[in-house]
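K.L.:
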């Protein structure tokens with residue numbers, strides 16, 4: 002039998018009815034492999050080993066073969082530190098006592114293609130683990146020969162047998178319909194629901210669920226193609242409990258529908274909204290939808306994280322109002338959002354002084370042929386405003402959509418350096434930023450907080466610029482991908498220095514696997530040059 006913990010192990014072996022205890026010195030020696038902050042957990046494990054050892058010796062002296070004398074709180078502690086499902090399954094098969102303790106302690110299960118027949122298997126799981134609060138069902142890679150998928154009856158089983166269910170995730174469940182969501186509406190404690198590619202579910206089904214589950218605070222809809230009506234969104238807004246909303250690639254839901262959340266914006270702390278890029282491009286950005294925006298007050302003062310992808314942002318309306326009123330925002334991600342202006346980012350920086358993470362992916366000059374002469378684009382003025390007003394900014398990511406045609410009228414090297422030199426940036430990622438060159442690498446030598454640097458298709462950086470990495474004060478993580486101007490010579494100052502904790506090289510044609518050896522404590526190397534052709 003093996004009792005595993007996260008930081009140490011107490012090994013018990015059963016051989017023909019004889020129970021012995023492994024050497025405690027082995028666990029003690031493991032202390033030196035971890036830092037001071039982790040050693041306290043190891044000491045707890047060693048104490049557990051000692052107590053189990055003494056209990057086992059007592060059992061052996063009495064000639065007993067049972068483990069009943071081991072203190073329950075010790076066994077419970079060990080079981081609680083087993084994170085892998087396979088480990089917990091193995092331990093539960095050792096004896097009845099561990100089996101029942103595991104049943105009582107297990108609160109999360111992840112199932113999918115292995116359930117066959119699905120309804121009977123799920124019923125057995127729910128009956129065995131009566132304290133389940135989180136369930137994840139995924140049928141990724143499912144084929145008909147693997148058996149029938151879980152259907153609406155499965156959700157009825159969950160509703161009837163899992164009274165503590167509060168977190169449910171359904172992925173690629175193509176047989177579940179609105180009827181199943183109506184069954185699930187009786188789960189009064191359900192607070193988090195994630196639907197990923199459930200094509201038979203419509204807005205009516207979601208409405209019936211949110212009406213029944215009044216404690217729902219987190220809702221994620223991903224590729225739910227038939228969810229068109231948004232009465233459920235209006236109901237959630239009136240209910241005023243929703244804190245986390247994610248809508249990705251649901252083609253029938255547009256930017257204008259988010260306004261129907263109404264007073265619910267006040268409670269919302271996290272919003273992720275992504276429009277299907279191919280669907281949007283087929284409509285040539287649907288310029289008419291921009292004109293249909295109506296001015297409306299959006300109370301979003303409690304928003305902490307905002308992510309918008311492929312969205313149309315009309316000046317002074319809709320999502321533009323959201324950007325201007327998020328005074329507590331900490332993380333923002335804008336990816337290919339058409340219509341974002343410098344004025345929007347300036348207002349955002351003035352309101353959100355606690356901003357810690359910024360990710361901007363902007364269209365290049367040739368990515369949007371219909372908007373080449375449109376002044377609605379971001380420039381260095383946005384970066385300067387962030388540098389001036391956001392003194393807590395720690396993570397910066399800047400990228401362009403098309404490296405083949407880099408933007409000439411957006412961010413320049415001067416604007417980027419202004420931002421990263423005035424803020425305590427710890428993580429910096431540049432993707433397709435052709436303006437960043439050896440001069441920029443030299444400027445990074447003065448950044449006292451920079452710990453992680455990622456460069457993707459930054460073709461103006463040469464070996465001379467890369468060699469400056471050895472002079473970065475605190476850099477410990479470096480990732481280089483698809484950079485044509487660097488070679489093994491640029492990494493030579495790092496070889497043997499052990500300055501970097503981690504170095505990742507991907508698809509850089511002039512860097513060899515031999516050249517990265519001993520350049521960091523841990524190295525990842527991959528080369529696939531198909532992207533060049």
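Residue numbers (my numbering): 2 to 534. From the three backbone atoms N, C-alpha and C, an ideal C-beta is built for every residue, glycine too.
(1) Would you tell me roughly how many angstroms separate the C-alpha atoms of residue 437 and residue 466, rounded to the nearest one?
(2) Compare the C-alpha of residue 352 against each of 364, 327 and 334 and name the closest.
(3) Check residue 277 in the structure and name its three-state DSSP category.
(4) Helix or strand or just coil, what does DSSP make of residue 55?
(5) Is it true that the region 124-133 meets the region 144-154, where meeting means three or more beta-carbon pairs spaced less than 8 Å apart?
(6) If you count every other CB in all the chains shown that lies within 10 Å of the CB of residue 165, and 16 or more means buried, which is it?
(7) When the Cα atoms are used, what is the spatial distance from residue 168 to residue 495?
(8) For residue 86, report the span of its alpha helix (DSSP H) as first-last.
(9) Roughly how many angstroms lie between the CA atoms of residue 248 and residue 238, to the nearest whole one?
(10) DSSP three-state label for residue 221, please.
(11) Indicate whether residue 80 and residue 102 have their beta-carbon atoms separated by less than 8 Å.
(12) Below 8 Å on the Cβ atoms is my contact criterion, and I expect residue 441 with residue 478 to pass it. Report the Cβ-Cβ distance as a whole number of Å.
(13) Starting from residue 433 and walking both ways along the beta strand (DSSP E), at which residues does that stretch end?
(14) Indicate the three-state DSSP secondary structure (helix, strand or coil) for residue 514 in the structure shown.
(15) At a cut-off of 7 Å, is residue 474 close to the ligand HEM when judged by its beta-carbon and the heavy atoms of the ligand?
(16) If I measure Cβ to Cβ from residue 211 and keep anything under 7 Å in the same chain, skipping five residues before and after, which residues do I get?
(17) Using a Cβ-Cβ cutoff of less than 6 Å, which residues in the same chain neighbour residue 206 once the five nearest sequence positions on both sides are dropped?
(18) Let me know if residue 433 comes out buried or exposed under the rule of 16 or more other beta-carbons within 10 Å of its beta-carbon.
(19) Kindly indicate the opening and closing residues of the alpha helix (DSSP H) around residue 489.
(20) Considering Cα atoms alone, identify which of 94, 280 and 262 is closest to residue 272.
(21) Our contact map puts residue 469 next to residue 446 with C-beta atoms below 8 Å; I'd like the distance itself, whole angstroms only.
(22) Is residue 142 helix, strand or coil when you go by DSSP?
(23) I'd like the span of the alpha helix (DSSP H) that includes residue 325, first residue to last.
(24) Look up residue 1 in the DSSP assignment and give the residues it is bridged to.
(25) Is it buried or exposed for residue 529, if we count other Cβ within 10 angstroms and need 16 for buried?
(26) Please say whether residue 215 and residue 243 have beta carbons closer to each other than 8 Å?
(27) Is it buried or exposed, residue 578, if we count other Cβ atoms within 10 angstroms and call 16 or more buried?
(28) Can you have a look at residue 118 and say buried or exposed, based on whether 16 or more other CB atoms are within 10 angstroms of its CB?
(29) Would you mind working out which of 208, 219 and 174 sits nearest residue 193, comparing C-alpha positions?
(30) Helix, strand or coil: which one does DSSP assign to residue 523?
(31) Comparing C-alpha positions only, which one of 184, 175 and 173 sits nearest to residue 157?
(32) Return the chain-ordered ranges of every alpha helix (DSSP H) run that is complete within the region 448-511 and spans a minimum of 4 residues.
(33) Starting from residue 334, follow its DSSP beta bridges and name the residues at the other end.
P.N.:
Quick answer:
(1) 10 Å
(2) 327
(3) coil
(4) The predicted position of residue 55 is uncertain, since its pLDDT is 47 and thus under 50; no value can be drawn from it.
(5) no
(6) exposed
(7) 47 Å
(8) 86-93
(9) 15 Å
(10) strand
(11) yes
(12) The pair is not a contact, with the Cβ atoms about 18 Å apart (cut-off 8 Å).
(13) It is not in any beta strand (DSSP E) - residue 433 carries neither H nor E in the DSSP assignment.
(14) coil
(15) In terms of ligand content, the structure shown is empty, and the ligand HEM therefore cannot be addressed.
(16) 217, 233, 236 and 237
(17) 179 and 182
(18) Classification of residue 433: buried, given that the 10 Å Cβ count is 16 or more.
(19) 489-492
(20) 262
(21) 6 Å
(22) Coil at residue 142, not helix or strand.
(23) 320-326
(24) In this structure the chain extends from 2 to 534, so residue 1 is not present and cannot be described.
(25) exposed
(26) Cβ atoms of residue 243 and residue 215: not closer than 8 Å.
(27) The structure shown has nothing for residue 578, since the chain only spans 2 to 534.
(28) exposed
(29) 219
(30) The answer is strand: DSSP assigns residue 523 an E or B state.
(31) 184
(32) 464-468 and 489-492
(33) 308 and 360
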